[in-house]
Amino acid sequence: MHDVLLDSDIIIEVLRGNEGVLEEVISLGKSGRAILYTPISKAEIYHGIREGETGYAEALFSGCMSVPITDEIGEKAGHYLRQFHKSHGTDIADALIAAAASINNADLFTFNHKHFPMKDLKLHKLKLGM
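For the sequence shown, this note's numbering assigns the number 130 to the last residue and increments by one with no breaks.
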(Lines of atoms letter the chains of each structure in order from A and count residues from 1; the text may use other names and numbers.)
(Lines give C-alpha, C1' and ligand atoms only; values in the text may rest on other atoms or scores of the structure.)
Protein backbone atom coordinates (compact mmCIF):
# COMPACT_ATOMS: atom_id res chain seq x y z
CA MET A 1 0.00 0.00 0.00
CA HIS A 2 1.54 3.27 -1.16
CA ASP A 3 1.43 6.61 0.58
CA VAL A 4 -0.57 9.35 -1.18
CA LEU A 5 0.74 12.75 -2.23
CA LEU A 6 -1.95 15.42 -2.56
CA ASP A 7 -1.77 17.72 -5.56
CA SER A 8 -2.69 21.37 -5.00
CA ASP A 9 -6.11 20.96 -6.62
CA ILE A 10 -7.07 18.30 -4.06
CA ILE A 11 -5.92 20.50 -1.16
CA ILE A 12 -7.97 23.38 -2.60
CA GLU A 13 -11.07 21.16 -2.77
CA VAL A 14 -10.61 20.13 0.87
CA LEU A 15 -10.23 23.78 1.91
CA ARG A 16 -13.36 24.68 -0.08
CA GLY A 17 -15.31 22.11 1.91
CA ASN A 18 -15.76 19.46 -0.80
CA GLU A 19 -17.09 16.65 1.42
CA GLY A 20 -16.34 13.85 -1.06
CA VAL A 21 -12.70 14.81 -1.38
CA LEU A 22 -12.33 15.37 2.37
CA GLU A 23 -13.88 11.96 3.08
CA GLU A 24 -11.48 10.33 0.62
CA VAL A 25 -8.44 11.96 2.24
CA ILE A 26 -9.65 10.92 5.71
CA SER A 27 -10.32 7.38 4.47
CA LEU A 28 -6.81 7.15 3.00
CA GLY A 29 -5.29 8.28 6.29
CA LYS A 30 -7.37 5.80 8.29
CA SER A 31 -6.21 3.00 5.99
CA GLY A 32 -2.66 3.55 7.20
CA ARG A 33 -1.39 5.46 4.19
CA ALA A 34 0.67 8.56 4.94
CA ILE A 35 -0.85 11.72 3.44
CA LEU A 36 1.89 13.82 1.85
CA TYR A 37 2.19 17.27 0.27
CA THR A 38 5.04 19.31 -1.20
CA PRO A 39 6.20 22.85 -0.37
CA ILE A 40 5.12 23.70 -3.93
CA SER A 41 1.50 22.95 -3.08
CA LYS A 42 1.81 24.84 0.19
CA ALA A 43 3.11 27.89 -1.71
CA GLU A 44 0.25 27.64 -4.22
CA ILE A 45 -2.30 27.44 -1.39
CA TYR A 46 -0.88 30.43 0.50
CA HIS A 47 -0.67 32.42 -2.72
CA GLY A 48 -4.44 32.19 -3.19
CA ILE A 49 -5.71 31.91 0.37
CA ARG A 50 -8.23 34.39 1.72
CA GLU A 51 -7.95 36.28 4.99
CA GLY A 52 -9.24 34.15 7.83
CA GLU A 53 -8.61 30.81 6.08
CA THR A 54 -5.01 30.31 7.15
CA GLY A 55 -6.00 28.48 10.34
CA TYR A 56 -7.89 25.82 8.40
CA ALA A 57 -4.99 25.46 5.95
CA GLU A 58 -2.48 25.08 8.77
CA ALA A 59 -4.68 22.45 10.43
CA LEU A 60 -4.78 20.51 7.17
CA PHE A 61 -1.03 20.74 6.59
CA SER A 62 -0.24 19.79 10.20
CA GLY A 63 -2.13 16.52 9.68
CA CYS A 64 0.01 15.64 6.66
CA MET A 65 3.71 15.10 6.00
CA SER A 66 5.78 17.48 3.90
CA VAL A 67 8.00 15.94 1.22
CA PRO A 68 11.19 17.98 0.75
CA ILE A 69 12.25 18.89 -2.77
CA THR A 70 15.66 17.27 -3.21
CA ASP A 71 18.25 17.35 -6.00
CA GLU A 72 17.01 13.92 -7.12
CA ILE A 73 13.46 15.26 -7.40
CA GLY A 74 14.72 18.35 -9.27
CA GLU A 75 16.56 16.21 -11.80
CA LYS A 76 13.59 13.91 -12.39
CA ALA A 77 11.30 16.95 -12.74
CA GLY A 78 13.62 18.34 -15.41
CA HIS A 79 13.31 15.10 -17.38
CA TYR A 80 9.52 15.24 -17.03
CA LEU A 81 9.45 18.84 -18.27
CA ARG A 82 11.57 18.03 -21.29
CA GLN A 83 9.28 15.14 -22.18
CA PHE A 84 5.81 16.50 -21.33
CA HIS A 85 5.80 20.32 -21.26
CA LYS A 86 4.85 20.87 -24.90
CA SER A 87 2.64 17.82 -25.37
CA HIS A 88 0.68 17.91 -22.09
CA GLY A 89 1.15 21.42 -20.67
CA THR A 90 3.10 20.10 -17.69
CA ASP A 91 4.62 23.09 -15.88
CA ILE A 92 7.47 23.20 -13.39
CA ALA A 93 5.16 22.89 -10.36
CA ASP A 94 3.43 19.83 -11.85
CA ALA A 95 6.78 18.27 -12.78
CA LEU A 96 8.19 18.77 -9.27
CA ILE A 97 5.05 17.37 -7.64
CA ALA A 98 5.07 14.36 -9.98
CA ALA A 99 8.76 13.73 -9.33
CA ALA A 100 8.20 13.98 -5.57
CA ALA A 101 5.45 11.36 -5.79
CA SER A 102 7.54 9.08 -8.00
CA ILE A 103 10.75 9.30 -5.95
CA ASN A 104 8.80 8.71 -2.72
CA ASN A 105 6.87 5.78 -4.23
CA ALA A 106 3.58 7.55 -3.49
CA ASP A 107 0.36 7.63 -5.48
CA LEU A 108 -0.54 11.13 -6.70
CA PHE A 109 -4.09 12.27 -5.86
CA THR A 110 -5.08 14.88 -8.45
CA PHE A 111 -8.00 15.78 -10.68
CA ASN A 112 -5.64 17.20 -13.30
CA HIS A 113 -4.67 13.92 -14.98
CA LYS A 114 -3.73 15.63 -18.28
CA HIS A 115 -0.65 17.24 -16.75
CA PHE A 116 0.57 13.95 -15.26
CA PRO A 117 1.06 11.46 -18.15
CA MET A 118 4.24 9.99 -16.65
CA LYS A 119 4.26 6.20 -17.01
CA ASP A 120 6.15 5.67 -13.74
CA LEU A 121 3.55 7.68 -11.79
CA LYS A 122 0.55 6.07 -10.13
CA LEU A 123 -2.53 8.30 -9.97
CA HIS A 124 -5.05 7.85 -7.17
CA LYS A 125 -8.66 7.83 -8.33
CA LEU A 126 -11.43 9.25 -6.14
CA LYS A 127 -13.27 6.30 -4.59
CA LEU A 128 -16.11 8.13 -2.84
CA GLY A 129 -18.74 10.29 -4.48
CA MET A 130 -18.01 14.00 -4.82
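Even glycine gets a Cβ: it sits at the ideal position worked out from N, Cα and C.
Quantities reported herein were computed from a predicted structural model and do not represent experimental measurements.
Using the Cα positions of residue i and residue j, report the straight-line distance between them to the nearest angstrom.
i: residue 102; j: residue 122; result: 8 Å
i: residue 130; j: residue 12; result: No answer about residue 130 holds up, because its pLDDT of 45 lies below 50 and its placement is not dependable.
i: residue 14; j: residue 82; result: 31 Å
i: residue 73; j: residue 17; result: 31 Å
i: residue 48; j: residue 60; result: 16 Å
i: residue 39; j: residue 64; result: 12 Å
i: residue 112; j: residue 22; result: 17 Å
i: residue 120; j: residue 105; result: 10 Å
i: residue 58; j: residue 3; result: 21 Å
i: residue 114; j: residue 46; result: 24 Å
i: residue 78; j: residue 89; result: 14 Å
i: residue 51; j: residue 62; result: 19 Å
i: residue 41; j: residue 53; result: 16 Å
i: residue 125; j: residue 116; result: 13 Å
i: residue 91; j: residue 110; result: 15 Å
Go ahead and pull the three-state DSSP assignment for residue i.
i: residue 121; result: coil
i: residue 60; result: helix
i: residue 204; result: The question about residue 204 has no answer here: the residues shown for the chain are numbered 1 through 130.
i: residue 5; result: strand
Hey, could you find the ends of the beta strand (DSSP E) residue i is sitting in?
i: residue 109; result: 107-109
Is the beta carbon of residue i sitting closer than 8 Å to the one on residue j?
i: residue 118; j: residue 56; result: no
i: residue 108; j: residue 98; result: yes
i: residue 5; j: residue 28; result: no
i: residue 44; j: residue 66; result: no
i: residue 20; j: residue 1; result: no
i: residue 93; j: residue 69; result: no
If you follow the alpha helix (DSSP H) that residue i is part of, which residue opens it and which one closes it?
i: residue 21; result: 19-30
i: residue 82; result: 71-88
i: residue 96; result: 92-103
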